[in-house]
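As structure tokens, the structure follows; a few thoughts come after it.
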Ligand code: ADP
Ligand code: MG
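This is the structure we're talking about:
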């Protein structure tokens, strides 16, 4: 019965699970305290003393047993509401006892409710030599007698059964010894068996700390090693189509149609792409570039490279608006080249859809641009050579994989993300991808001025918009419709829209609006009106968050900015500052701001650098909330935390990299322990496919 409950409540199926259910705290029962030592901060206490009184008080509901225990330093009250008869049999006035429990204060005096109590025989009570673990548990389990401490009894039984050979070392010598990144000392990790004993039943607090570090490191190291193995296997055995030459399309476009000089970062990334795609292996590259760093043109040039080598290319974007925008922008850039570019989205009419599918299948289509629709089974290419995923954080890993199945030899894959991911996160979440960074904006961009204003300054903000619009510019006003389905938010948005229209009356001004509840047609029309400058003001929800490019828009007002996360605010802000004119972002918030929200506003007003913002975001919110990493599963460590344990992550990565450099197949005798361990971990590694 208990086993059933354990499975259901905590997912404990086998010994290993219990072993890896780590205590969240320990109680120190190795010491005897003096009653005098109890202070307001005391949590648990263990004392010995003589019982000086025992009384039952109250009746029925309030019936309780109250006893006093006294040592040389003071007196402590013990209270029982349940099991009174049993306790009465155990304790008598004058007897000596060992008492343990959580201290509370009642009318200023310390007491323990339902203490653990045992008779002190002579003086040697049976005390453990270790700190006693307390495990996470659930209410249901508690009721069935499997509270946080009872679980400890189970794990003690388990650990006493396990011998060193049951938990053998899994780290090779080269990994076991390490240089402490903080002190520079050469150290050695606690052996694995010892670490498990100490993390559950530490004999000293310092050893507990060491055990935690060792197991955290092991977790991080194994994760890095697995990713490294996937990556190196792909590098060595994956066949990729070869883009051997730069041809007419690429060169023609580059020399005659490229509207600007590429930035250094763009050139560098193109070189990396050329190297990857020319190598005969499949490219799997993550391109991180801050908003506005010019990823689209890199994507376009890469696609021309594919076409020059006789292949087709496809570009996927997460929304209808974005894919349409890519389609229009790219079609315009390529208008003088003899290339067929088509758009495929969920709302493509069946006639054009049929035509696009046919062109793709017969190889007459050069570039297909679209939404998730391009992933559908029906979409087949004759020779797909390159698949590009734009604004990656809305695409899951599984969706990426679907792309590969669209050709016999998997196409090269370039994943572009506009949400910079901190290095540590990228290392863990995307460690199997190669990784390029565009950390340079095209020249001539003026930094966006960002200010934070309380809502009572709205009139001034509206005046400012009027002023900018008077100069021929456009403005966005964003409302926090976090969940497009939330009725309340939606009403707020409508009220906001009416308000804005009152500030900016027709016919002098025109306001358009886009949000997730509109049909695609209406949303597109409204977007187009803004793009065509028919409207000066765009009221929108976060549907415009990524990618939308209206260079003439210079003002971004974000209503209730405190409701957004840092990265999202940065993304939204990135909709302005895309042209040559000076741009502004105004964060409107309520005057009652929490500390964290205030911090977010300050960071945004201080920096425009997406990479810095991403680091801060990770610090404030933790890895679980960073866009795009949620489903990855790779970040679900049992012990390690990639923000707090950053130094160990770096060390783990270095160790994994150098180990695989030396012994990519783990064939060496010295790495046998590791290989054996990985093979024993079912399902967690692609090992079986490797060996
Ligand atoms: P993002 O990286 O956010 O997708 P885009 O590719 O949309 O950025 O580019 C943003 C703007 O910068 C576009 O208007 C684009 O034409 C322009 N741009 C891109 N590269 C350069 C460059 N090297 N020099 C000048 N402008 C550029
Ligand atoms: Mg983009």
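Numbering (the numbering used here), first residue to last: 2 to 692.
Note that CB positions come from ideal geometry on N, CA and C, so glycine has one too.
- Across the set 184, 611, 206 and 169, the C-alpha of 169 shows the shortest separation from the C-alpha of residue 193.
- Partner residues in the beta bridge of residue 106, as assigned by DSSP, are 111.
- Per the coordinates, the alpha-carbon of residue 611 lies some 39 angstroms from the alpha-carbon of residue 667.
- In terms of Cβ geometry, residue 660 and residue 176 form a close pair [threshold 8 angstroms].
- The C-beta distance from residue 19 to residue 156 rounds to 6 angstroms, short enough to meet the 8 angstroms contact threshold.
- Three or more beta-carbon pairs drawn from the segment 280-294 and the segment 417-431 are found closer than 8 angstroms, and the two stretches are therefore classed as touching.
- Going by DSSP, residue 86 is part of the alpha helix (DSSP H) stretching over 85-91.
- With respect to the 8 angstroms criterion, residue 313 and residue 366 are classified as neighbours on the basis of their beta carbons.
- One thing to note: residue 297 has its Cβ no nearer than 8 angstroms to the Cβ of residue 244.
- Around residue 181, the same chain offers 188 as residues with beta carbons nearer than 6 angstroms, after the five sequence neighbours per side are excluded.
- Residue 678 sits close to residue 171, with the two beta carbons spaced by under 8 angstroms.
- In the DSSP assignment, residue 428 falls within the alpha helix (DSSP H) that extends over 424-430.
- In the three-state reduction of the DSSP assignment, residue 314 falls in the strand class.
- Restricting attention to 643, 498 and 552, the CA atom closest to the CA of residue 220 is found in 643.
- DSSP lists 27 as the bridge partner or partners of residue 134.
- For residue 453 and residue 603, the gap between their C-alpha atoms comes out near 8 angstroms.
- Counting the other Cβ atoms within 10 Å of the Cβ of residue 83 gives fewer than 16, which makes it exposed.
- The shortest CA-to-CA distance from residue 36 to any of 100, 615 and 676 is the one to 100.
- Excluding residues up to 5 positions away in sequence, 482 lie with their Cβ nearer than 6 angstroms to the Cβ of residue 490 in the same chain.
- Assignment of beta-bridge partners to residue 526 by DSSP yields no partner.
- Counting other Cβ atoms within 10 Å of its Cβ, residue 24 reaches 16 or more and is therefore classed as buried.
- Annotation for residue 641: 217, 220 and 221 place their beta carbon closer than 6 angstroms to its own, counting only its chain and skipping 5 residues before and after.
- A contact between stretches requires three or more CB pairs, one per stretch, nearer than 8 angstroms, and the segment 513-524 meets this requirement with the segment 536-552.
- When 458, 268, 533 and 234 are compared, the shortest CA-CA separation from residue 433 is found for 234.
- For residue 194, the uninterrupted alpha helix (DSSP H) run begins and ends at 193-201, by DSSP.
- Between residue 363 and residue 305, the alpha-carbon positions lie close to 19 angstroms from each other.
- Of the candidates 380, 183 and 255, the residue whose Cα lies closest to the Cα of residue 360 is 380.
- Checking the 7 angstroms criterion, the Cβ of residue 296 is within range of a heavy atom belonging to ligand 1.
- Here residue 327 carries a helix assignment [DSSP, helix/strand/coil].
- The straight-line gap separating the alpha-carbon atoms of residue 135 and residue 43 is approximately 17 angstroms.
- A distance below 8 angstroms separates the beta carbons of residue 582 and residue 555.
- Within the same chain, 35, 36 and 37 come within 6 angstroms of residue 74 by CB-CB distance, once the 5 residues on both sides are set aside.
- By the neighbour-count criterion, in which 16 or more other beta carbons inside 10 Å mark a residue as buried, residue 509 falls on the exposed side.
- The Cβ atoms of residue 114 and residue 80 sit closer than 8 angstroms to each other.
- The C-alpha of residue 230 lies about 11 angstroms from the C-alpha of residue 664.
- The distance from the Cβ of residue 587 to that of residue 462 is about 6 angstroms, consistent with a contact at the 8 angstroms cut-off.
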